[in-house]
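Chemist: Protein sequences, first through last, are from chains Z and W.
Start counting the first sequence at 150; every next residue gets the next number (the numbering used here).
Start counting the second sequence at 476; every next residue gets the next number (the numbering used here).
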Amino acid sequence: MKKKIISIVITLVLGITLSYSQQSNSRDIIIKAVKDELGRNLNNLSLENLKKPFFICYNIHDLKVMSLKASLGAIVVSEVKPYRSLWSRIIVGDYKRTQENFFDPESGGDFVSGFTNDELPLENDYDGIRRVIWKSTDEMYKRAAETYEKKISAINQQKLTPEDSALGDLFKAPVVNKKLSPVKFDFNKTKWESAAKEISGLFGTYPDIYKSEVTITFIQGDEFYINSEETETVFPVTLAAVQVNAYTQAEDGEPLFDQVLYYEVSPEDLPKLDAMKSDVKKMAENLVSLRKAKSFEESYTGPVLFEDQAVGEMLSQRLFSENEGLLAIRKLIYSDPKFLLFANQMMGKSLDDKMGKKILADNLTIKSTPSKTEFDGKKLIGSYQVDMEGVVPPNELTLVDKGSLKTILNSRIPTPKLDGSNGSKRVKFQGSSVTSDIGAGVIDFSFSETLKRDELKKLLIEKAKEGGLDYAIIIRKLKSPASSIKTKMDESSIMSFASGFEKKGSVSKPIAIYKVSVADGKEELLRSAEIGSISLSTLKKIAGSSAQKFAYNTMLSQGGGMSGLFSFAFGFAGSESWNLSGIPSSFIVPDAILIDEMDVQKEKRLITGKLPVVVNPVGK
Amino acid sequence: MRQKLSLFIIIFISFFISTAINLTAAPDKLLDIITDEMNREMDVLKTQENPPYYICYRVDDVRRYTVSASFGNITNSDESHKHYFTTQIRVGNNVLDNTHELRGDQLSEIFGMLPQNNLLPIDDDEKAIRQIIWNVTNDEYRTAADKFAKVKANVAVKVTAEDTSADFSNDNGKVEYYEEPLNPKDYSFDRTVWEDRLKRYSKILLKEKDIYRGDATVNFSVERKYFVSTEGTKIVQNRFGVRLFVSGTIKANDGMELPLYLSYFAYKPENLPNDEQVIKEVTELVDKLKKMQNAPVVDPYTGPAILSGRSAGVFFHEIFGHRVEGHRQKSEDEGQTFKKKVGELILPAQMSVIFDPSIKSHNGVDLNGYYMYDDEGMKGEKVAVIENGILKNFLMSRSPIDKFPHSNGHGRAQSGYKPVCRQSNLILETTNPLTKEQLRKKLIDECKSQGIPFGYFFEDITGGFTITGRTIPNSFNVMPTEVYKVYVDGRPDELVRGVDLVGTPLSMFSQIAEAGSDYEVFNGTCGAESGGVPVSSSTPSIFVKRIEVQKKSKSQDKPPILPRPGSIPE
């Protein structure tokens, strides 16, 4: 018996060592192949009369992805797939002037090439990996060298402002050598298929809900970054997401959505099945009551109290989008003035020119704290130690200090007013691939003066009274744009979103919005209400915030800008895409904030579909 | 005795139980659910102001296994199981309905062709299946009713169409056909075995140092296709297909990309060629790629040529097949090349062109264009489109055209798409087959009579495309991969590169003179407005008196600057 136990222990130990050594062996082979091929290409690639590459870097995304989808207790999709791909960036010129940050309609400048990943062998084969790198580098170098000449020619024909002229094309960055331990977890597909069935099965008793689905996505693997400056980083990428979405229509045809979303670092961080089921039941009940809720027919200007999820969603959507958000946007050089109109539509608006100025409420300080891994016992999915360009972000970076803009999140692409990368090029999931974009990691919002939550509600009512209003507004949940159930009507919204016609500063539609009577504090659930666009000056008028803070994990889709265009393209990718999209981010926010004055109005819908004439088969 | 009795009872009970199971298992649960849901929807929708007069549902239960390798390494190995759901709803009546062309509104037509993208659960869960179907039916009904209103307005303001046929044929739509459910062994596929095979095949491509792309892929799909309609049709049929594809690409010094490939098709993996044969052919492909890299580039040419069976297959598919698809004779945007040629001699009198979806193989080779019923629930019929050189018929779906009011079972579509007329198994027949030598002699004689020093022999072809519309010239382009110059003075044939076979259909067709007896099969997937559908062509070599070749558009990128990493295998 004793022998048996010992042998089991030995097997276990052996097993663990073996799997660890396989893992590290896999990493070693990949790194060696990348470094060897990088060196060979950097030293030898050249074309007559054209510049040699001065900078080469490679990202390797080595992941395993599980995608489950269930509806009403039945599995629709169940897949586990490996994903190993290469993204190469070959730069010609020097730090001052490269082929990047240039838009040319024929070649796409550095845009088109920037969005393709090459498939790598799934096996750890040194030569096999090198061959893919070799081919990709060769193609990218030829494109880069040619684009560089086009860009120089375009610049020679244009009168750049002294500021644009002085702006470099690539920030220098310190050499980093950081290899973080891999993170492993068991996908346990059978267990999660059964969870997906159980959760989705809950909707089987709600004939008033027209459509519902549960998707479960687990991602686990390594992200490699190696560049010609000798930076070498490997960090684990993990994510466990359970997304529950439901859709119905009100009697007047208004489409109504609700969702319960869990984004965690690993499956064991997800709530227990019973807790999820209870949340989903509540959501279903809410959606049913929303159908019967009164339609908001007025136009409201007055105090608005955001609570819970709505605080995180509103602040993240408004302040971390490409439309006047805390993200750097590089102005491009265009080869043809005809494309300026396109550019105006597509490119977001940066806050560069507001650096050092008061942009938000005096008592608000916003910090980026990407190394923070937990808040109040909750693990933060936005936490990271090194970004997708091998830059280590500072542990704490103040973006807004007492309302004044100090800096914005950026990458190694220079913008005026910033003198180096603050390591904010984040991993981003899109369609069924991995890419990167400037985005938030962990963002901490703090207010110097705080109130208790019930005091905030009192203050809300007082302010409404002062304004001569009969009621005030509380918003507790906003639709999360990164996850939603597809309906026929979405085709038009995808179009407007992608074409950049979405109103600047707008946030998504409230799911849980209430009228609060100033007379007795009674709350009434509303529907058909939308929040007017939130300008920065609206956010200057934050009248109060709760002392209690919470961590909100979300997949951030920046909205607007170039990323909108690509979301549009991937929106049509259909059934083959992952259910996840966006940048994993965490926002530590007060559980309630009161905005002194903002607009809430009746939703303007371009099209409202009629109700189905046939009865829902559920509950028929 | 007692013992005997109990044994008898057990036997009897177990017989009874097994019969009962068979009885209950015999009907397909998914078939019952979709039929019942369709009828439920129709019962309510027909009471609406603009009621549908026809609804059909298609469910494609697809299991797909894919393994890919590149230069000896596996790059992908996975399997999937999905249930794709597609519906078509017709509002109005069969003479004029929502599928009618909106003349002058190309954007609507394009949007109308976008595929539906709906998945049903892979478990036969009634509630979940019904709810998804219900949602999709509601959306599609709204779209159909809206489009019908636009159609009525469009008809009212436009001149009378040239072809005034109805929108939907009055065919007997009530068909019942049921194939037995799939057995797990029908879709067993050992990916490990194939991973090993593909690694070995693609590794051979490393033997030539200048090959910069060397891939092998196998794709096995097993489908159980359901079709039900409110006309009472219930069809369940199974479809199998496995395709092995090996390709290599080399670059000539002038930047021209030279791809060669091997493609094998069979219904079942065990019917694919054995290892030995594939390895032999991949090795030959490598040698050929090297030769092609150094082959001379040819100039534009018009003159006689021989197309091998495979090349002739693609040639007929592109220049002829697409132009006899019925719906193209109806649309006011189409070129309608052959519409007015019915009854006329358009090929030499010894030749006939037949489309026959009902045959599974030709000369022992499995055909990819086989099916029992099309995607409109019509039986796939053998259609002699050209008989003894005379154009007799068109490929028809349930969209009638002048003088051709009925479907012949060629309404086809990929999952999610709406069916239109598409090709099936094309067969070129001749009553006067010539031997290879006779064809070659014809070529040389014709060159001499035209005073041309050489003709061309097109050995292989990668595919092609054709433009059948009116707004731009009605032309075709087929892309040969292996082409030889055949000299009249007896010099050996010379491998050349850089040509595309181009032309306009009628002038090219009139030049086809003879056909051989050496049948070859080209199995492929044809892409058009109703998505990718499996097709084949079985054709002998043909001799054409005058073809036209133009220079192939080529990549302007130089060959890779650095040598390919890794060693060259023995």
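Yeah, the Cβ is synthetic: ideal placement off N, Cα and C, and Gly gets one too.
Since this is a predicted model, take the numbers as computed values, not measurements.
Is the Cβ-Cβ distance between ILE530(Z) and VAL414(Z) less than 9 Å?
Modeler: Result yes, Cβ atoms of ILE530(Z) and VAL414(Z) sit closer than 9 Å.
Chemist: How far does the beta strand (DSSP E) with LEU558(Z) in it reach, from first residue to last?
Modeler: No beta strand (DSSP E) holds LEU558(Z); DSSP gives it neither H nor E.
Chemist: Could you pull the start and end residues of the alpha helix (DSSP H) that SER677(W) belongs to?
Modeler: Start and end: 666-679.
Chemist: State the beta-bridge partners of PRO880(W) as determined by DSSP.
Modeler: BP columns for PRO880(W) are empty, so no partner.
Chemist: Am I right that ALA741(W) and ASP642(W) are in contact with their C-beta atoms under 8 Å? What's the rounded C-beta distance?
Modeler: So it is not a contact: roughly 39 Å between Cβ atoms.
Chemist: Can you tell me which of the three DSSP states GLY831(Z) falls into?
Modeler: The structure shown does not extend to residue 831(Z), since chain Z is modelled only from 150 to 769, so the question has no answer here.
Chemist: Take every Cβ of the stretch 949-965 of chain W, pair it with every Cβ of the stretch 702-714 of chain W, and state whether three or more of those distances are shorter than 8 Å.
Modeler: No, they do not touch.
Chemist: Tell me which residues of the stretch 176-193 of chain Z have at least one Cβ-Cβ distance to chain W shorter than 7 Å, keeping chain order.
Modeler: Of all residues in the stretch 176-193 of chain Z, GLU186, ARG189, ASN190, ASN193 have a Cβ within less than 7 Å of some Cβ in chain W.
Chemist: Taking VAL576(Z) as the reference, which of LEU605(Z), ASP619(Z), GLN534(Z) has the closest Cα?
Modeler: Of the candidates LEU605(Z), ASP619(Z), GLN534(Z), the one whose C-alpha sits nearest the C-alpha of VAL576(Z) is GLN534(Z).
Chemist: Using the rule of at least 16 other Cβ atoms within 10 Å of the residue's Cβ for burial, across every protein chain shown, is PRO928(W) buried or exposed?
Modeler: Answer is exposed; the Cβ neighbour count stays below 16.
Chemist: What does ASP287(Z) reach in chain W if we use C-beta pairs closer than 8 Å?
Modeler: Here the neighbours are PRO1035, ILE1036, LEU1037.
Chemist: Does SER484(Z) come out as helix, strand or coil in the three-state DSSP assignment?
Modeler: Coil.
Chemist: For THR703(Z), count neighbouring C-beta atoms within 10 Å of its own C-beta (all shown protein chains included) and say buried if the count is 16 or more, exposed if not.
Modeler: The residue in question, THR703(Z), is buried, as its Cβ has 16 or more Cβ neighbours within 10 Å.
Chemist: I'd like the span of the alpha helix (DSSP H) that includes LEU506(W), first residue to last.
Modeler: LEU506(W) -> alpha helix (DSSP H) spans 504-520.
Chemist: Straight-line CA distance for THR705(W) to CYS896(W)?
Modeler: About 21 Å.
Chemist: Where SER475(W) and ASN838(W) are concerned, what is the direct C-alpha to C-alpha distance, given to the nearest angstrom?
Modeler: Given a span of 476 to 1045 for chain W in the structure shown, any question on residue 475(W) remains unanswerable.
Chemist: Is the number of C-beta pairs between the stretch 503-522 of chain W and the stretch 184-194 of chain Z that are closer than 8 Å three or more?
Modeler: Counting Cβ pairs under 8 Å, fewer than three are found: no touch.
Chemist: Please identify the residue among LEU681(W), GLU793(W), GLY707(W) whose C-alpha is closest to the C-alpha of LYS649(W).
Modeler: Of LEU681(W), GLU793(W), GLY707(W), the residue nearest in Cα terms is GLY707(W).
Chemist: In three-state terms, what does DSSP make of GLY801(W)?
Modeler: Helix.
Chemist: DSSP beta-bridge partners for ARG602(Z)?
Modeler: Its beta-bridge partners do not exist; DSSP assigns none.
Chemist: Tell me the rounded alpha-carbon separation between LYS753(Z) and LYS291(Z).
Modeler: Those two C-alpha atoms are separated by around 49 Å.
Chemist: If the cut-off is 9 Å on Cβ atoms, which residues from the stretch 541-560 of chain W count as contacting chain Z, listed in chain order?
Modeler: Those residues of the stretch 541-560 of chain W that come within reach of chain Z (Cβ to Cβ, closer than 9 Å) are SER543, ALA544, SER545, PHE546, GLY547, ASN548, ILE549, THR550, ASN551, SER552, ASP553, GLU554, SER555, HIS556, LYS557, HIS558, TYR559.
Chemist: Does LYS923(W) get closer than 9 Å to chain Z when you measure Cβ to Cβ?
Modeler: With 9 Å as the cut-off, LYS923(W) does not count as an interface residue toward chain Z.
Chemist: For ARG966(W), count neighbouring Cβ atoms within 10 angstroms of its own Cβ and tell me buried if that reaches 16, exposed if not.
Modeler: The residue is exposed, with fewer than 16 neighbouring Cβ atoms inside 10 Å.
Chemist: What did DSSP end up calling LYS200(Z) once you bin it into helix, strand or coil?
Modeler: Coil.
Chemist: When the Cα atoms are used, what is the spatial distance from ALA621(Z) to SER553(Z)?
Modeler: Cα-Cα distance, rounded: 29 Å.
Chemist: Is the beta carbon of SER706(Z) closer than 9 Å to that of GLY590(Z)?
Modeler: No, the Cβ-Cβ distance between GLY590(Z) and SER706(Z) is not below 9 Å.
Chemist: Give the C-beta separation of VAL858(W) and LEU866(W) to the nearest angstrom, bearing in mind that I take them to be a contact with Cβ-Cβ under 8 Å.
Modeler: Rounded, the Cβ-Cβ distance is 12 Å, inconsistent with contact.
Chemist: Between the Cα of LYS360(Z) and those of PRO404(Z), PHE320(Z), ASN376(Z), spot the shortest distance and give me the residue it belongs to.
Modeler: It is PRO404(Z) whose Cα lies nearest to the Cα of LYS360(Z).
Chemist: Since SER220(Z) meets chain W, which of its residues come closer than 8 Å, beta carbon to beta carbon?
Modeler: The contacting residues are PRO596, ALA603, GLN606, ILE607.
Chemist: Would you mind reading off the limits of the alpha helix (DSSP H) that contains SER1016(W)?
Modeler: From DSSP, SER1016(W) is part of no alpha helix (DSSP H); its letter is neither H nor E.
Chemist: Give a yes or no on whether the minimum CB-CB distance between GLU400(Z) and chain W is below 9 Å.
Modeler: It does not; no Cβ of chain W falls within 9 Å.
Chemist: Just mark PRO771(W) as buried or exposed, buried being the case when its beta carbon has 16 or more other beta carbons within 10 Å.
Modeler: With fewer than 16 Cβ atoms within 10 Å of its Cβ, PRO771(W) is classed as exposed.
Chemist: Consult DSSP for ARG233(Z) and reduce its assignment to one of helix, strand or coil.
Modeler: Strand.
Chemist: Use the C-beta contact count for ILE488(W): other C-beta atoms within 10 angstroms, 16 or more gives buried, fewer gives exposed.
Modeler: Residue placement at ILE488(W) cannot be trusted, given a pLDDT of 31 that sits under 50; the coordinates are not used to answer.
Chemist: Tell me whether GLU921(W) is buried or exposed, calling it buried when 16 or more other Cβ atoms sit within 10 Å of its Cβ.
Modeler: Label assigned to GLU921(W): buried.
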